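Input: a single structure, listed below in structure tokens.
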Amino acid sequence: MAGKIRTRDIEEVKSRVNIADVIGEYVALRPASVGSLKGLCPFHDEKSPSFNVRPMQGFYHCFGCGEGGDVYKFLQQMDSLSFYEAVEKLAARVGFELTYEDGGPAQDQGQRSRILEANTAAATFYQSQLMTDDAIPGRDFLKGRGFDKAAADLFGVGFAPKGWSNLTDHLKKLGFTIEELVTAGLATKSDRGAYDKFRGRLIWPIRDSTSQVIGFGARKLFDDDQGPKYLNTSDTLVYHKSSVLYGLDLAKKDISKQQRVVVVEGYTDVMACHLAGITTAVATCGTAFGDEHIRILNRMLSAEKDTPAEVIFTFDPDAAGQKAAMRAFNDSHKFSAQTFVAVGPDGLDPCDLRSQKGDEAVRLMIENKKPLFEFAIKQKIGKFDLATIEGRVGAARAAAPVVAAIRDSAMRPAYIRELAGWVNLDGNEVAALVDAAGKETRSDAVKDMRRDAPVPAEEQQLAPESEFALPNLSDPITRFERQVLEVLVQVPSSYSQEQLIRIVRDGFSAPAHNAILEAVGTSMVSHGSADWLNVIGGSTPAELHSLLRSIAAQALPANNDAELVRYGQGVVARALVNALAHEKANLLAALRRTDVLEDPQESARIQRELVELETERRKLQGL
15 MAGKIRTRDI
25 EEVKSRVNIA
35 DVIGEYVALR
45 PASVGSLKGL
55 CPFHDEKSPS
65 FNVRPMQGFY
75 HCFGCGEGGD
85 VYKFLQQMDS
95 LSFYEAVEKL
105 AARVGFELTY
115 EDGGPAQDQG
125 QRSRILEANT
135 AAATFYQSQL
145 MTDDAIPGRD
155 FLKGRGFDKA
165 AADLFGVGFA
175 PKGWSNLTDH
185 LKKLGFTIEE
195 LVTAGLATKS
205 DRGAYDKFRG
215 RLIWPIRDST
225 SQVIGFGARK
235 LFDDDQGPKY
245 LNTSDTLVYH
255 KSSVLYGLDL
265 AKKDISKQQR
275 VVVVEGYTDV
285 MACHLAGITT
295 AVATCGTAFG
305 DEHIRILNRM
315 LSAEKDTPAE
325 VIFTFDPDAA
335 GQKAAMRAFN
345 DSHKFSAQTF
355 VAVGPDGLDP
365 CDLRSQKGDE
375 AVRLMIENKK
385 PLFEFAIKQK
395 IGKFDLATIE
405 GRVGAARAAA
415 PVVAAIRDSA
425 MRPAYIRELA
435 GWVNLDGNEV
445 AALVDAAGKE
455 TRSDAVKDMR
465 RDAPVPAEEQ
475 QLAPESEFAL
485 PNLSDPITRF
495 ERQVLEVLVQ
505 VPSSYSQEQL
515 IRIVRDGFSA
525 PAHNAILEAV
535 GTSMVSHGSA
545 DWLNVIGGST
555 PAELHSLLRS
565 IAAQALPANN
575 DAELVRYGQG
585 VVARALVNAL
595 AHEKANLLAA
605 LRRTDVLEDP
615 QESARIQREL
625 VELETERRKL
635 QGL
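Each position in the sequence shown, counted from 1, maps to that position plus 14 in my numbering.
So, in structure tokens, the structure goes:
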């Protein structure tokens with residue numbers, strides 16, 4: 015620098031700046047006591063506001079961590095600036111020309127300031143190139159996604175020419191050195207000299223919350239470009255991708271006002287959302303959503319319980335999107351807000367959805383958001399066949415750790431009940447699975463120790479339990495299963511093959527009974543034949559032959575063939591009613607999982623099947 019900034023200039027700049035306006039660009043402030051504003055502290059994690067700002071006195075203080083000072087200190091801490099850089103930043107904000115102790119204006123305003131100046135000049139250059147003939151592929155890209163010139167101008171979208179050093183040569187003429195351009199991440203040195211980092215690409219300027227250009231995102235346009243699809247500025251003194259959110263400069267006011275933020279996956283998604291009226295949309299810049307991004311958003315969101323803030327994520331339906339969703343779920347407790355997921359129809363992201371179906375479709379996508387907890391659970395259970403007992407149990411077991419991870423003690427039991435409904439299992443059984451999953455998570459270290467420990471000799475000698483435990487006939491359900499098997503084996507004339515198919519499909523709870531039931535179903539081609547029992551025996555596990563014989567020999571309560579058939583028909587009718595009840599429960603669970611707005615056809619189909627089942631049940635019961 016040419017010298018120290020005059021003291022009176024420092025005081026003059028501070029007097030012209032409202033500290034609440036500056037801090038308000040980083041922290042959502044609301045009235046507290048007279049002459050005081052409060053919000054969530056940006057310097058430590060907290061759920062209740064303890065960060066106070068007094069505009070009249072020109073200082074801030076956090077009662078939680080003790081941080082405090084004037085507007086200069088705040089900027090030093092938030093933006094990693096030196097004192098003089100903080101003064102220069104605010105002077106530029108209010109349009110005040112600083113004078114230095116040697117009597118002249120600054121000739122060199124520091125490395126950080128030069129990077130910002132270079133970025134601003136580069137953004138202007140890129141934007142001017144978008145309307146050239148060379149940029150036609152870039153304009154076609156934008157047009158194909160529903161973005162016109164006005165949209166490009168709003169977001170400052172530009173074009174980097176394909177040449178070796180177009181930007182570098184332009185900025186050198188403006189007085190920037192090669193070293194400054196390399197430091198800013200705009201140029202790269204080689205044996206042939208310095209060349210542009212971005213060439214032949216569509217360019218998005220990335221701005222901080224104060225609207226200063228701190229970096230760029232560049233999208234590949236040409237097939238001969240060997241680089242990645244998206245290329246971002248490398249980390250510099252002003253650009254740190256882990257703490258940058260694209261679109262925050264445009265979204266910050268509405269985020270604080272609406273207490274809602276929509277996190278999308280790319281630059282074009284941000285554009286699509288804003289143009290569709292979702293003006294709180296932001297995106298990360300070439301990196302996963304992380305802790306620093308959470309801290310940035312928390313500063314803008316309220317911690318008021320009466321009006322909870324919302325964070326809405328949009329994810330692609332592919333494996334990467336699902337992984338991102340689960341990562342967001344694991345971080346959900348870090349937000350001072352409720353978390354949701356919005357998924358477009360047919361898995362369309364906001365950009366594609368807008369270009370195909372218009373602005374209203376994007377708005378509807380966001381409004382039809384689902385709680386992140388619900389989304390994460392359904393991601394787990396969606397991998398299972400919920401029409402089978404095994405699938406339902408497997409789904410509940412897979413989702414149990416997700417429910418166990420819900421830290422809200424009031425919300426966890428509610429989601430246990432929801433999960434039980436979605437998979438059509440008893441709530442107590444699901445609660446037990448969740449409890450077990452929670453204990454397993456908490457005791458990983460202990461389990462690892464046990465896993466490595468030697469197995470006692472006496473345990474090594476124990477034989478594994480049989481797959482088919484002896485059914486407990488004192489249980490009413492098991493006892494009725496035995497009655498049904500006795501009829502199916504002994505009185506095949508009392509039921510049809512269609513009825514048998516439905517009973518087999520419903521299944522039995524006792525593994526031994528179910529194995530024999532499946533053997534009966536497998537033998538259906540020989541239904542009622544002379545060797546009916548032998549055919550069933552051929553499909554029954556050897557260790558259950560004795561039980562099969564017992565079932566075949568059991569005396570039934572009938573005095574003649576007609577009574578035997580009537581008895582068999584009555585038992586089968588009860589079994590069918592039970593099967594219908596189970597089918598109804600499965601359909602109701604499926605209906606609860608189906609969004610009538612997203613999939614009205616599926617919802618209607620399920621309701622038709624429910625009506626048909628009810629008609630069949632009433633017929634069976636003679637109603």
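Glycine included, every Cβ here is placed at the ideal spot set by N, Cα and C. Remember, it's a predicted structure, so these values are computed and weren't measured experimentally.
- Taking a contact as a CB-CB distance under 8 angstroms, the pair Ile395 and Ala409 counts as one, their CB atoms being some 4 angstroms apart.
- Around the beta-carbon of Gln143, 16 or more other beta-carbon atoms lie within 10 Å, marking it buried.
- Going by C-alpha positions, Gly229 is about 9 angstroms away from Lys255.
- Excluding sequence positions up to five before and after Arg607, its CB lies within less than 6 angstroms of the CB of Trp436, all in the same chain and listed in chain order.
- For a cut-off of 8 angstroms, the C-beta gap from Ala232 to Arg215 is around 4 angstroms, short enough to register as a contact.
- Here DSSP, grouped into helix, strand and coil, assigns Tyr253 to coil.
- About 36 angstroms separates the Cβ atoms of Leu499 and Ile391, ruling out a contact at the 8 angstroms cut-off.
- By the neighbour-count criterion, in which 16 or more other beta carbons inside 10 Å mark a residue as buried, Phe329 falls on the buried side.
- In this structure the stretch 270-286 touches the stretch 364-382; the number of beta carbon pairs closer than 8 angstroms is three or more.
- By the criterion of at least three beta-carbon pairs nearer than 8 angstroms, the stretch 191-203 is in contact with the stretch 128-137.
- For Ile326, the enclosing beta strand (DSSP E) begins and ends at Glu324 to Thr328.
- Counting every other CB atom within 10 Å of its CB across the protein chains shown gives Phe161 a total of 16 or more, marking it as buried.
- Ranked by how close their Cα comes to the Cα of Val296, the residues Tyr260, Leu531 and Ala164 have Tyr260 in first place.
- Across the structure, Phe97 and Arg377 are spaced so that their CA atoms are roughly 44 angstroms apart.
- C-alpha of Leu634 to C-alpha of Ala587: approximately 6 angstroms in a straight line.
- Beta-bridge analysis with DSSP links Lys52 to Arg44 and Asn66.
- Residue Ala412 holds the alpha-carbon nearest to the alpha-carbon of Phe398 among Phe387, Pro385, Glu388 and Ala412.
- With a minimum length of 3 residues, the unbroken runs of beta strand (DSSP E) contained wholly in the stretch 153-193 fall at 172-174.
- In the structure shown, Thr353 adopts extended strand secondary structure according to DSSP, grouped into three states.
- Remark: C-beta atoms of Pro69 and Asn32 approach each other more closely than 8 angstroms.
- In this structure, DSSP gives Val498 a helical state, which the three-state scheme calls helix.
- Counting along the chain, the unbroken beta strand (DSSP E) around Thr298 starts and ends at Ala295 to Thr298.
- Between Val610 and Ser617, the C-beta spacing is below 8 angstroms.
- With respect to Thr301, Ile269 sits apart: the two C-beta atoms are not nearer than 8 angstroms.
- Between Phe354 and Val277, the C-beta gap is not smaller than 8 angstroms, which leaves the two residues out of contact.
- The Cβ-Cβ distance between Ser350 and Leu315 falls below 8 angstroms.
- No Cβ-Cβ contact shorter than 8 angstroms links Leu200 with Lys186.
- In this structure, Lys18 lies near Tyr114, with their beta-carbon atoms less than 8 angstroms apart.
- Bounds of the alpha helix (DSSP H) holding Cys287 are Tyr281 to Leu289.
- Ranked by Cα distance from Thr298, the options Leu235, His184 and Val275 are led by Val275.
- Assigned with DSSP and collapsed to three states, Thr224 falls in coil, not helix or strand.
- According to the DSSP secondary-structure assignment, His75 is paired through a beta bridge with Asn66 and Gly82.
- For Arg213, there is no enclosing alpha helix (DSSP H), as DSSP marks it with neither H nor E.
- The shortest CA-to-CA distance from Ser560 to any of Ala593, Arg159 and Asn548 is the one to Asn548.
- As summarised for the stretch 394-466, the continuous alpha helix (DSSP H) elements at least 4 residues long and confined to that stretch are 403-418, 425-437, 441-456 and 458-466, given in chain order.
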